[in-house]
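Numbering (the numbering used here), first residue to last: 38 to 198.
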């Protein structure tokens, strides 16, 4: 098991925190040690939101160091420039394909659809992802979010710039 370091970025209201909570929960369910931190800025007014999620055999810090992120998951492409110095040389930036939001029944499920894209890059079984969605999303929104996750998995991510 290796340590995996992920930054999730977006703006307030996009579901960055939910996205990181589901990811951290899924990693924990696979037996990893997990640390997570959040930076909200003026999130309620559409400001930047960044979360750091690190998991592996033993994690000591909740913060990804500059130049060490394996993945940057960008819910808003406008936020990439602000955080791309965190990416390691062989790291991956995952951006939403332009067509993705139009395929979703509810735009608020974009964050979970992006987890579907991310899942293709991580060694976490699909049943763990689905279980984590069921346990972290309000019951009345579970089916909608699982559908979004599956739509995300079908997409081709736009990677490194």
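Note that the Cβ used here is the ideal one computed from N, Cα and C, for glycine as well.
DSSP state of residue i mapped onto helix, strand, coil
i: residue 109; result: strand
i: residue 198; result: Here residue 198 scores only 47 on pLDDT, less than 50, and its place in the model is too uncertain to base an answer on.
i: residue 67; result: coil
i: residue 98; result: coil
i: residue 55; result: helix
Beta-bridge pairing of residue i - partner residues as DSSP gives them
i: residue 87; result: 46, 76
i: residue 129; result: 108
i: residue 93; result: 70
i: residue 41; result: 92
i: residue 124; result: 106
Whole-Å CB distance - residue i paired with residue j, under 8 Å assumed
i: residue 77; j: residue 169; result: Not quite, the Cβ-Cβ distance comes to about 22 Å (not below 8 Å), so this is no contact.
i: residue 41; j: residue 83; result: Not confirmed; about 29 Å, so no contact.
i: residue 86; j: residue 54; result: 7 Å
i: residue 147; j: residue 50; result: Not quite, the Cβ-Cβ distance comes to about 10 Å (not below 8 Å), so this is no contact.
Would you call the region 96 to 111 in contact with the region 122 to 135, where contact means no fewer than 3 C-beta pairs closer than 8 Å?
yes
With three or more C-beta pairs closer than 8 Å as the rule, is the region 109 to 118 touching the region 49 to 62?
yes
Minimum length 3: unbroken beta strand (DSSP E) runs contained in the region 120 to 192
124 to 132
Touch test, the region 133 to 147 against the region 157 to 169, Cβ-Cβ under 8 Å, three pairs minimum
no
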